[in-house]
Amino acid sequence: MAELRASVFTQHYRSVVTCGLAAFDEAAGECRAVCECAWASRGGDCGERYRAVADAVLSWAAENRDAARFLFVVTERTSEPVLLARLSAFKRSVAELFDPSAKYTPAGRIHVEFLVGLFFRVVAEALGGEVSTAALRREVLSLSLFLSGCSTRLAE
1 MAELRASVFT
11 QHYRSVVTCG
21 LAAFDEAAGE
31 CRAVCECAWA
41 SRGGDCGERY
51 RAVADAVLSW
61 AAENRDAARF
71 LFVVTERTSE
81 PVLLARLSAF
91 KRSVAELFDP
101 SAKYTPAGRI
111 HVEFLVGLFF
121 RVVAEALGGE
131 VSTAALRREV
141 LSLSLFLSGC
151 STRLAE
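Each residue of the sequence shown is one higher than the last, beginning at 1 in the UniProt record's numbering.
This is the structure in structure tokens:
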């Protein structure tokens with residue numbers, strides 16, 4: 001039976017690392033789609049949109065706990081360079097939701113990247129331990145205060 005499972009695995013993935021990369025890409029793709037949908041569904045300023053995206057990611061993480069733990073926790077803890085590079089690219093893609101057409105100054109862009117990085121860190125710490133969903137939601141949504149001065153309406 002083990003030979004059968006191994007042969008099925010190797011038909012799809014050349015190695016465990018390749019399997020991990022595919023799992024990361026799947027989780028990141030799902031989470032990114034959730035972010036895009038939440039972003040597009042909200043008008044208003046960056047703070048409102050951030051709260052919509054954060055709420056959507058938290059809901060996705062609650063429904064897909066294993067995928068979320070892999071995306072936010074395991075990837076960073078493995079210190080695997082390829083996974084870390086993909087995680088960095090994923091964070092940038094989420095930050096680009098806030099800055100789709102380079103409307104912000106470089107300082108504003110760094111501010112958004114910092115906020116997204118901080119958001120990822122809070123989620124990772126919560127998923128790495130056993131923090132309640134309500135406490136996680138409060139902490140992540142409180143980060144929207146960093147966007148209080150951001151009232152630029154972005155073109156749809």
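C-beta: ideal position from N, C-alpha, C; glycine also.
Answer with buried or exposed for residue i, where buried requires no fewer than 16 other C-beta atoms within 10 angstroms of its C-beta.
i      : result
ALA33  : exposed
SER144 : buried
ARG49  : buried
PHE114 : exposed
PHE22  : A small fix is needed here, since residue 22 is Ala in this sequence, not Phe. When all chains shown are included, ALA22 counts as exposed.
Which of helix, strand or coil does DSSP assign to residue i?
i      : result
ASP45  : coil
GLU125 : helix
SER132 : coil
In chain order, what residues of the same chain have a beta carbon less than 6 angstroms from the beta carbon of residue i, not counting five sequence neighbours either side?
i      : result
LEU136 : ALA126
ALA56  : VAL34 and ALA38
VAL122 : GLU139 and VAL140
THR18  : none
ALA52  : ALA38 and ARG42
Quick one: residues in its chain with C-beta nearer than 7 angstroms to the C-beta of residue i, no 5 flanking neighbours on either side, listed in chain order?
i      : result
ALA124 : PHE72, VAL73 and GLU76
SER93  : ARG32
ALA95  : VAL112, GLU113 and VAL116
Please work out which residues of its chain come closer than 8 angstroms, Cβ to Cβ, to residue i, disregarding the five sequence neighbours upstream and downstream, and give them in chain order.
i      : result
ARG138 : none
ASP25  : ARG86
Assuming residue i contacts residue j (C-beta within less than 8 angstroms), just tell me the rounded distance between them.
i      : j     : result
VAL112 : PHE90 : 15 angstroms between Cβ atoms; not a contact.
PHE119 : ALA54 : 7 angstroms
VAL140 : LEU84 : With a Cβ gap of about 22 angstroms, VAL140 and LEU84 do not count as contacting.
ASN64  : GLU30 : 7 angstroms
For a minimum of 4 consecutive residues, which ranges assigned as the alpha helix (DSSP H) are wholly contained in the segment 74-99? 75-78 and 81-98
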